[in-house]
Every structure is written in structure tokens, then in C-alpha cells.
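Numbering (our numbering), first residue to last: 57 to 238.
Idealized CB from N, CA, C, for every residue including glycine.
The structure appears below as C-alpha cells.
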């Protein structure tokens, strides 16, 4: 199966309605939870692959996922209220049900192939509607910005340390950052 490439200018925010389509079409539980982890955390797929049980902690309905990110080497701390955030509870239950410390055993390439097949199944050859794991990352960052996260909080969440991230926020026209980012 050939690799597919979607031009960077076409990055888009993936809405919950699209996520639900992929959840309904996925018949592979391991892929489904890999997909949901990328969607919920906004981590790169290579960082999701590295997650272990010890990265997940649940206290008083708050799920905390802590990991070192691959680019920049920062530590990302993500906290979810499992009663309010869709799929967070299910993800935690999946993680604790695993028999060993490794959560996702397959390669990232394997998960990408499954996503490509789901893209074809859901949208056919209309690549303008296809999504990638990186779209899910951009979507999470955009959702957090819309909810009022500061640029510093977003950098911490994603592990970004450069001005390229600030440019990303500018191009997404998150107006409340206009005065904070020079």
C-alpha cells in the first residue's frame, strides 16, 4: 500500500463528529485505543507508542498522563477529568487491563496503515477529508487554545520550545494570543 501525503497547508481541525466515524469504523481494539490516545493527548504517534502503564495515574477522577516527548525532550503532563472528557475513562480501563507494561505493541507504521484503510473506507478517494495522526495533534492543540490555554501551557503540553509553535498559533488566528506573542 503506497504512503499518502497531505500537504501541510491543508492541515485542519478534526471535529468530534469525524472522530466518531473512525471509532465506528475501527474493528481493531488496539488501533482504536492508539487512535484515541493520539486524539486525547495530542502527542506524536511515536510518543504514544512509547507510553507504558506507569505513565498513567488515576486519582479522584483525574487521569494524568506524563511522558517525555521526543522532540525538544520536554516532559508533557496531561490531566483529564474522566467524568467530563469523552473516551478518557475507556482509555484508562484499557490501559489497566493490559497484562504487561507495554500498551501498544505494534509499530507506528502499522497503525498508520490501518488509519489509511479507514480513510479509504470512510471517505473513498477524497483525500481532502482524510485525516492523519498529526491532524489529531493539531486539533488537540487548537481545542486547548480555544478553551483558554496560554501559549506557555500549550508549549508544555506539546513539548515545543521554539518560535515555530508561536507561528502555528498565529496562523490559526487565535486572537487572544495576538498581544502575548510578538
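Pick helix, strand or coil for residue 71, following the three-state DSSP scheme. Three-state DSSP puts residue 71 in coil, outside helix and strand.
For residue 155 and residue 148, what's the separation of their Cα atoms in angstroms? Near 14 Å, if we compare the C-alpha coordinates of residue 148 and residue 155.
Extract the residue ranges of the beta strand (DSSP E) inside the segment 146 to 226, only unbroken runs of 3 or more that lie entirely within it. As far as the segment 146 to 226 is concerned, it has no whole beta strand (DSSP E) run of at least 3 residues.
Taking only three categories from DSSP, how would you classify residue 81? Assignment of residue 81 by DSSP, reduced to helix, strand and coil, places it in the helix class.
Here's the rule I'm using: 16 or more other beta-carbon atoms within 10 Å means buried, otherwise exposed. How should residue 125 be labelled? With a 10 Å radius around the Cβ and a threshold of 16 neighbouring Cβ atoms, residue 125 comes out buried.
Three-pair Cβ contact test at 8 Å for the segment 132 to 139 versus the segment 66 to 80: Output reads no: the segment 66 to 80 does not touch the segment 132 to 139.
Our contact map puts residue 102 next to residue 164 with C-beta atoms below 8 Å; I'd like the distance itself, whole angstroms only. Going by Cβ atoms, the distance from residue 102 to residue 164 rounds to 6 Å, so yes, they are a contact pair.
Assigned exposure category for residue 203 - 16 Cβ within 10 Å defines buried: Exposed, since its Cβ has fewer than 16 Cβ neighbours within 10 Å.
Quick check on DSSP: helix, strand or coil for residue 125? Here residue 125 sits in coil by DSSP.
Residues in its own chain within less than 8 Å of residue 72 by CB, not counting five upstream and five downstream? Only 142 meet the Cβ criterion.
Backbone secondary structure at residue 137 - three-state DSSP: Correct three-state label for residue 137: strand.
Counting only the same chain and skipping the five closest in sequence on each side, list residues whose C-beta sits under 7 Å from that of residue 105. So the list reads 160 and 164, once near-sequence residues are dropped.
Cutting at 7 Å between CB atoms, please list the residues of its own chain near residue 249, excluding the five before and the five after it. An answer regarding residue 249 cannot be provided, because it is not within the stretch 57 to 238 covered by the chain.
Grab me the residues of residue 113's own chain with a C-beta within less than 7 Å of its C-beta, minus the 5 sequence neighbours each way, in chain order. 120.
Cα-Cα separation between residue 68 and residue 191, rounded to whole angstroms: Pairing residue 68 with residue 191, the inter-Cα distance amounts to about 6 Å.
Tell me whether residue 119 sits in a helix, a strand or coil according to DSSP, three-state version. When DSSP states are grouped into helix, strand and coil, residue 119 belongs to the strand group.
For residue 23 versus residue 123, is the C-beta spacing smaller than 8 Å? No information on residue 23 is available, as it lies outside the stretch 57 to 238 that the chain covers here.
Would you check if the distance between the CB atom of residue 187 and the CB atom of residue 70 is smaller than 8 Å? Closer than 8 Å, so yes.
With a CB to CB cut of under 6 Å and the five nearest residues on each side skipped, what residues in its chain are close to residue 193? Cβ neighbours of residue 193 beyond the five flanking positions: 98.
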